[in-house]
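Below: one structure, written as structure tokens.
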Amino acid sequence: MKTIIQKPLLTEKTLNLAGRGYFTFKVSSEASKPEITAEIEKLYKVNVKKIRTITMHGKIRRVGRKMKLSKSSNWKKATVTLAKGQKIEAFEVTGKEE
Numbered sequence: 125m126k127t128i129i130q131k132p133l134l135t136e137k138t139l140n141l142a143g144r145g146y147f148t149f150k151v152s153s154e155a156s157k158p159e160i161t162a163e164i165e166k167l168y169k170v171n172v173k174k175i176r177t178i179t180m181h182g183k184i185r186r187v188g189r190k191m192k193l194s195k196s197s198n199w200k201k202a203t204v205t206l207a208k209g210q211k212i213e214a215f216e217v218t219g220k221e222e
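Using our numbering, read the sequence shown as starting at 125 and increasing by one per residue.
What follows is the structure, given as structure tokens:
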């Protein structure tokens, strides 16, 4: 069985979006929107209202002493909108803000 949801993306921007009801995940490149929706509903026990996906292009970096170019793999990002009043605990910010 292939893994569809690889990990939640927890950056400053995605945590801000989570406060407004948008949750962002790194997903399998072959996954379709219905597959992603079903997996998120099963894992987090929430109702997905809308889903948007985008293929993120891999970065080109210089590697080694001779500055050889290397490209990282492309990956897929899914942004999920949940029904009103629902949230995913993985995106909860704990601790005090100062």
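Each residue gets a CB set at the ideal place from its N, CA and C atoms; glycine is no exception.
- Taking C-beta separations shorter than 6 Å and ignoring five residues to either side along the sequence, the partners of residue 132 in its chain run 149 and 214, following chain order.
- Per the DSSP secondary-structure output, residue 147 pairs in a beta bridge with 204.
- As the crow flies, the alpha-carbon of residue 169 is around 16 Å from that of residue 175.
- In this structure, residue 178 sits near residue 201, with a CB-CB distance shorter than 8 Å.
- Residue 204 is not a Cβ neighbour of residue 139, given a cutoff of 8 Å.
- In the DSSP annotation of this structure, the continuous segment of the beta strand (DSSP E) that includes residue 173 starts and ends at 172-180.
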